[in-house]
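The next block holds one structure in the form of C-alpha cells; read it before the comments.
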Amino acid sequence: MFGEPLVLVERLKGYYVGGFGVVHGVDDVSLTLHEGEGVGLVGESGCGKSTLAQLITGVTGPVLHYQAGTVIVDGYNVYAIPEETLRTEVLCKRLAYIPQAAMDSLNPVKRIRDLLRDVVKERTGRRPTTQEILRTAGEHFESLGLQRSVLHLYPHELSGGMKQRVVVAISTLWNPKILVVDEPTSALDVSSQKLLVRSLLLLRQRGTVKSMLFITHDIPVARQICETLAVMYCGQLVEVGPVEEVLEAPRHPYTQGLLASIASYEPQERRRSRLESIPGRPPDMRNPPPGCRFHPRCSLAQPRCAQHEPPEITLAGKRMVRCWRFGGG
Ligand SMILES: Nc1ncnc2c1ncn2[C@@H]1O[C@H](COP(=O)(O)OP(=O)(O)OP(=O)(O)O)[C@@H](O)[C@H]1O
Ligand SMILES: [Mg+2]
180 MFGEPLVLVE
190 RLKGYYVGGF
200 GVVHGVDDVS
210 LTLHEGEGVG
220 LVGESGCGKS
230 TLAQLITGVT
240 GPVLHYQAGT
250 VIVDGYNVYA
260 IPEETLRTEV
270 LCKRLAYIPQ
280 AAMDSLNPVK
290 RIRDLLRDVV
300 KERTGRRPTT
310 QEILRTAGEH
320 FESLGLQRSV
330 LHLYPHELSG
340 GMKQRVVVAI
350 STLWNPKILV
360 VDEPTSALDV
370 SSQKLLVRSL
380 LLLRQRGTVK
390 SMLFITHDIP
400 VARQICETLA
410 VMYCGQLVEV
420 GPVEEVLEAP
430 RHPYTQGLLA
440 SIASYEPQER
450 RRSRLESIPG
460 RPPDMRNPPP
470 GCRFHPRCSL
480 AQPRCAQHEP
490 PEITLAGKRM
500 VRCWRFGGG
C-alpha cells in the first residue's frame with residue numbers, strides 16, 4: 180500500500196551529555212517512513228520523541244550527540260555525508276523539520292513575508308523580491324486555508340493556532356517530501372487544533388508532503404493524520420503497527436497501559452475497572468532499568484524480563500513489538 184522508504188532509521192542511538200551526566204535519549208531505534216505513509220510517534224513525556232526527531236535531521240551538537248546506527252533520508256545517509264550536502268540536499272530540499280514549540284521561535288521583529296525571504300535565501304542562496312514572495316507564498320498559504328494578508332503581519336499579531344499554521348506553511352513552501360513535525364497541536368485550543376490538523380491532512384492528500392513523522396501526546400489526533408503508530412518508551416520503540424490495529428489490539432503492556440489511560444480506547448468491558456494510569460514512574464533515562472526497560476512497571480513481567488533486553492519482534496501484519504511474551508528465543 181505504501182511506496183518506497185523515504186526515511187530509513189536503523190539501530191539509531193544518540194545521547195545528551197552535560198553536567199547532568201549522560202542521557203541516552205534514543206537507544207536502538209529502527210523505523211521506516213514510506214512514501215505515502217504518516218507515522219504517529221507517541222509516548223510519555225521524556226521518552227525520547229523529540230530526540231529521535233532531531234537525530235533524523237542529522238543536526239546534532241552541542242549537547243545532543245549521534246552515537247550509532249544509520250539514518251537514510253531519500254537516499255542520503257545523513258551521518259555519512261558532508262555537512263554542506265546535508266544542508267543543501269537534505270534539509271533544504273527533502274526534509275522539513277518543525278521542532279517542538281517552533282511557533283514561539285518566529286523572529287518577532289520581522290513580518291511573515293520577510294521571514295519567508297530569509298528562508299528562501301537560505302535554501303536557494305538568492306534573496307527573492309517581496310513581489311516574488313507574495314506571489315509564490317501567497318498561493319501556498321491560500322492552499323492551506325490561510326489568507327494572503329497574513330504575509331504582511333508580524334508574529335505577535337497572530338493567534339497561537341495561526342502562528343502554528345504559518346510555521347507549517349513556511350516549512351512546506353518548497354514541497355519537501357518528508358515532514359517531521361513535533362507536537363504541533365499541543366498548545367492549541369480545540370478549534371485551532373482542528374484547523375492545523377486540516378492543514379496537515381491537506382499537505383498529505385495533495386502529495387505536497389509524501390511522508391510525515393507526526394509527534395504527539397494526542398493519540399486521537401495521531402489516528403486522524405497517520406496510518407502507522409509508533410510507541411516509544413525510555414528511548415526505544417516498543418510497538419509499531421497500523422494505527423487501527425495497534426489501537427484495537429495493543430500487544431505491548433506499555434501500549435496497553437497508555438491506551439487504558441485514555442477512556443475512549445479502553446475496550447468497553449474493562450472501561451469501568453481500569454481507568455488508571457500506568458503504575459510506577461517513568462525511568463531515569465540516565466540509568467535505565469536492565470533487561471526490558473518497562474519491566475519494573477509491568478504486571479506481566481517474567482524473571483527474564485529483568486535480565487535480558489527483549490529484541491524487536493516482527494509479528495504478522497507489519498507489526499513490531501519489543502516484548503519477550505511474543506518470542507525472541
Ligand atoms: N537538551 C537536553 N539536555 C539534556 N537532556 C535532555 C535534553 N533534551 C532532552 N533531554 C532528556 O532526554 C530524554 C528524552 O527527551 P525528549 O525531549 O526527547 O523527550 P520527549 O519524548 O520529546 O518529551 P516531551 O513529550 O515532553 O516533549 C529525557 O530524559 C530528557 O530529560
Ligand atoms: Mg518532545
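Using this note's numbering, the first residue of the sequence shown is number 180, and each one after it goes up by one. For glycine and all other residues, C-beta sits at the position ideal for the given N, C-alpha and C.
| Check | Outcome |
| --- | --- |
| Bridge-paired residues (DSSP) for Arg-498 | Leu-494 |
| Coil, strand or helix - Ile-260 by DSSP | coil |
| Residue span of the alpha helix (DSSP H) that contains Phe-320, given as start and end | 309-322 |
| Inter-stretch contact (C-beta, 8 Å, three-pair minimum) for the stretch 185-193 and the stretch 366-385 | no |
| DSSP state of Pro-145 mapped onto helix, strand, coil | Residue 145 lies beyond the stretch modelled for the chain, which goes from 180 to 508, so this question has no answer here. |
| Closer than 6 Å: Ser-229 CB and nearest ligand 2 heavy atom | yes |
| Proximity winner among Val-221, Thr-267, Gly-217, Lys-192, relative to Leu-243 (alpha-carbon distances) | Lys-192 |
| Span of the beta strand (DSSP E), counted from its first residue to its last, around Ala-275 | 274-277 |
| 4 or more residues per run - each alpha helix (DSSP H) lying fully within the stretch 217-262 | 228-236 |
| Inter-stretch contact at 8 Å, needing at least 3 Cβ pairs: the stretch 271-284 / the stretch 347-363 | yes |
| Ligand 1 heavy atom lying under 6 Å from the CB of Met-282 | no |
| For Gly-339, the first and last residue of its enclosing alpha helix (DSSP H) | 339-350 |
| Inter-residue CB distance, Thr-299 and Ile-312 (contact presumed, cutoff 8 Å) | Residue 299 is actually Val in this sequence, not Thr. That belief holds up - the Cβ atoms of Val-299 and Ile-312 are roughly 7 Å apart, short of 8 Å. |
| Cα-Cα separation between Arg-460 and Gln-415, rounded to whole angstroms | 16 Å |
| Range of the contiguous beta strand (DSSP E) that encloses Lys-192 | 184-197 |
| Length of the line joining the Cα atoms of His-474 and His-487 | 10 Å |
| Under 7 Å between C-beta atoms of Pro-539 and Arg-273 | Any property of residue 539 remains undetermined from this structure, which presents the chain solely from 180 to 508. |
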